[in-house]
Amino acid sequence: MTRKNIKLGSVLQIPLKDGTFAYGWARNYLDVFYFKLISEKPIQDIEFIVGSDILFSVPTSKSVFKEWGIIGQVTLSDDLNKLIPTFRQDMAHLERCSICDEEGNTYDASPEECIGLERSSVWKAGHVEERIVEEMAGRKSKFYERRKVQLP
Numbered sequence: 000m001t002r003k004n005i006k007l008g009s010v011l012q013i014p015l016k017d018g019t020f021a022y023g024w025a026r027n028y029l030d031v032f033y034f035k036l037i038s039e040k041p042i043q044d045i046e047f048i049v050g051s052d053i054l055f056s057v058p059t060s061k062s063v064f065k066e067w068g069i070i071g072q073v074t075l076s077d078d079l080n081k082l083i084p085t086f087r088q089d090m091a092h093l094e095r096c097s098i099c100d101e102e103g104n105t106y107d108a109s110p111e112e113c114i115g116l117e118r119s120s121v122w123k124a125g126h127v128e129e130r131i132v133e134e135m136a137g138r139k140s141k142f143y144e145r146r147k148v149q150l151p
């Protein structure tokens, strides 16, 4: 694996602390799909990786790509390249929320409308890696739980 610039469709190999590997797929500049796939040895079959079920997708800090390797490139379909709806919330006024939809349009929303959406925030490597491990083990990720919408 060599360090390269992340491009749309880059398939990522993510070394985890326990020596196993997780995998991601760059959707656009920072958004990455993470798969329900952990392996003890690196997987080189790119089609197998991108054919796996998606665990979650979040904007990811570009600094993580220095730590993770690019193992290939696969073109995404238009459907897979749509934005994932996210929300923002004013923490001083919890009732003030907005949603950014699949087309990039932003509109005011109630906190209840934001339930189940990802908070609009950029994730760091350690947070993504922890979330993958926790969710694959059937546990809640503390980083994800902290980012959930807060009801007034």
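Residue numbers for the sequence shown follow numbering that gives the first Met the number 0, so the first one is 0 and each next one is one higher.
Just so it is clear, CB atoms sit at the ideal spot from N, CA and C, and this is done for glycine as well.
Treat the numbers as computed from the prediction; the structure is a model and nothing was measured.
Chain D within 7 Å of Pro151, Cβ atoms only
Reference to chain D is not applicable here, since this structure consists of a single protein chain.
Distance check for Glu117 and His92, CA to CA, integer angstroms please.
Numbered from 1 along the sequence shown, position 93 holds the residue referred to as residue 92. Numbered from 1 along the sequence shown, position 118 holds the residue referred to as residue 117. Going from the Cα of His92 to the Cα of Glu117 covers about 19 Å.
Could you check which residue in Asp17, Ser109, Arg26 and Leu11 has the C-alpha nearest to that of Phe47?
For the purposes of this step, residue 47 is taken as residue 48 along the sequence shown, with counting starting at 1. Minimum Cα distance to Phe47 is reached at Leu11.
Under 7 Å, do Pro58 and Leu29 count as touching if we go by C-beta distance?
Numbered from its first residue, the sequence shown carries residue 58 at position 59. Numbered from its first residue, the sequence shown carries residue 29 at position 30. In this structure, Pro58 sits near Leu29, with a CB-CB distance shorter than 7 Å.
Keeping to the same chain, check which residues put their C-beta closer than 8 Å to that of Pro151; ignore five residues upstream and five downstream.
Within the sequence shown, residue 151 is the residue found at index 152, counting from 1. Here the set comprises Leu93, Glu94 and Pro110.
Taking Ile83 as the reference, which of Asn27, Thr19 and Ile42 has the closest Cα?
Locating residue 83 in the sequence shown gives position 84, counting from the first residue. Of the candidates Asn27, Thr19 and Ile42, the residue whose Cα lies closest to the Cα of Ile83 is Asn27.
What number of angstroms, rounded off, separates the C-alpha of Arg2 from the C-alpha of Lys65?
For the purposes of this step, residue 2 is identified with residue 3 of the sequence shown, where counting begins at 1. For the purposes of this step, residue 65 is identified with residue 66 of the sequence shown, where counting begins at 1. Note that Arg2 scores 47 on pLDDT, short of 50, meaning its location in the model is unreliable; the coordinates nonetheless yield the value given after this. Rounded to whole angstroms, the gap between the alpha carbons of Arg2 and Lys65 is 7 Å.
Hey, Gln88 and Cys99: beta-carbon distance below 7 Å or not?
As a working mapping, residue 88 is identified with position 89 in the sequence shown. As a working mapping, residue 99 is identified with position 100 in the sequence shown. Taking 7 Å as the Cβ cut-off, Gln88 and Cys99 do not qualify as a contacting pair.
DSSP beta-bridge partners for Tyr33?
In the sequence shown, residue 33 corresponds to position 34, counting from 1. When beta bridges are read from the DSSP output, Tyr33 appears opposite Gly23 and Phe55.
Helix, strand or coil at Gln46 according to DSSP, with G and I counted as helix
Mapped onto the sequence shown, residue 46 falls at position 47. It should be pointed out that residue 46 corresponds to Glu in this sequence rather than to Gln. Look at Glu46 here: in three-state DSSP terms it is helix.
Put Val73 into one of helix, strand or coil per three-state DSSP.
Position 74 of the sequence shown holds residue 73. For Val73, the three-state secondary structure derived from DSSP is coil.
Answer yes or no: do Ile53 and Ser9 have a C-beta to C-beta separation smaller than 7 Å?
Walking along the sequence shown from the start, residue 53 turns up at place 54. Walking along the sequence shown from the start, residue 9 turns up at place 10. Their beta carbons are not under 7 Å apart, which means Ile53 does not touch Ser9 by this criterion.
Across which residues does DSSP place Ser97 in a beta bridge pair?
Walking along the sequence shown from the start, residue 97 turns up at place 98. Arg87 and Asp107.
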